[in-house]
Amino acid sequence: METPLATRPQKIADPDHEVLDLVAERWSPRAFADRPVEPEKIRQMLEAARWTMSSYNEQPWRYVVASRHEDPAAYKRLLHGLNEFNQKWARRAPVLMMSFYKTTFSQNGDPNRCAPHDVGAASAALTFQATAMDLYVHQMAGIQKDVVRETYDVPEDFEPMAGLAVGYLGDPDVLPPGQQESERAPRSRRPLDEFVFGDEWETPADLVSDA
Ligand SMILES: Cc1cc2nc3c(=O)[nH]c(=O)nc-3n(C[C@H](O)[C@H](O)[C@H](O)COP(=O)(O)O)c2cc1C
């Protein structure tokens, strides 16, 4: 069932400098509507991940995907890979994913230092593709890596990275009180001059301190 527009928090960012609408509109909800995600839209999200840049074009990312409406048993298996806290809210998401990265380069077996970075980039691309289709993604570091490894018989040179809850926006009232507040709270970020440095560590670059 679709959640009425008025009850859905919008949480659009208030940027200091103009950004793409997709960047301003993306956020990580915990309340999802009980509305299936169209399989073609899931494929489009994964296609966006596919075209992400990566070190040596290794494409170290892998995803396990399950849709509650299409395959409830597979969905349940994926849900069990999340930690207890995340399972409680993520079980309402119609689609769950788990991201993984390959720790070594396929060509020579050397460690791939950038693999965690690249799976993060792929998940970011997937997330913005979702935003463009009115869908939302909430990533989760809170997973049970041992459970995930066992469930999917993950090879040694792959590492589970994060869970992803995907769906249309739902009504925050379904969440416990503390989570309702954060669901409605405005999004906040540190300013540019706290993380963009010039020629000295922790000294803001002129480019951002004068603006
Ligand atoms: C890699 C990653 C791991 C995260 N892990 C969790 C998590 O385990 N549980 C959770 O509720 N939120 C998790 N989050 C969501 C962040 O808390 C959220 O992105 C952050 O507060 C910024 O909010 P916004 O995405 O709505 O802008 C995670 C986000 C990312 C990108």
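Residues in the sequence shown are numbered consecutively from 1, following our numbering.
We put the beta carbon where it would ideally sit given N, CA and C, even for glycine.
{"Check": "Per-residue DSSP class, three states only, for Met-1", "Outcome": "The pLDDT assigned to Met-1 is 49, lower than 50, so where the model puts this residue is not dependable, and the model offers no usable value."}
{"Check": "Counterpart residues of Met-53 in DSSP-defined beta bridges", "Outcome": "According to DSSP, Met-53 bridges with nothing at all."}
{"Check": "Length-filtered (4 minimum) alpha helix (DSSP H) runs lying within the region 12-43", "Outcome": "21-25"}
{"Check": "Endpoints, the alpha helix (DSSP H) within which Pro-191 is located", "Outcome": "No alpha helix (DSSP H) contains Pro-191, which DSSP labels as neither H nor E."}
{"Check": "Residues of its chain near Met-1, where Cβ-Cβ distance is below 8 Å and the 5 sequence neighbours each way are ignored", "Outcome": "Any reading at Met-1 is ruled out, since the residue's pLDDT is 49, under 50, leaving its predicted position unreliable."}
{"Check": "Contacts around Ser-55, its chain only, beta-carbon distance under 7 Å, and the 5 residues preceding and following it disregarded", "Outcome": "Asn-112, Cys-114, Asp-118"}
{"Check": "Any non-hydrogen atom of ligand 1 closer than 7 Å to Gln-139 Cβ", "Outcome": "yes"}
{"Check": "Under 8 Å between C-beta atoms of Gly-178 and Ala-31", "Outcome": "no"}
{"Check": "Neighbourhood of Glu-84 by C-beta, 6 Å cutoff - its chain only, sequence neighbours within 5 removed", "Outcome": "none"}
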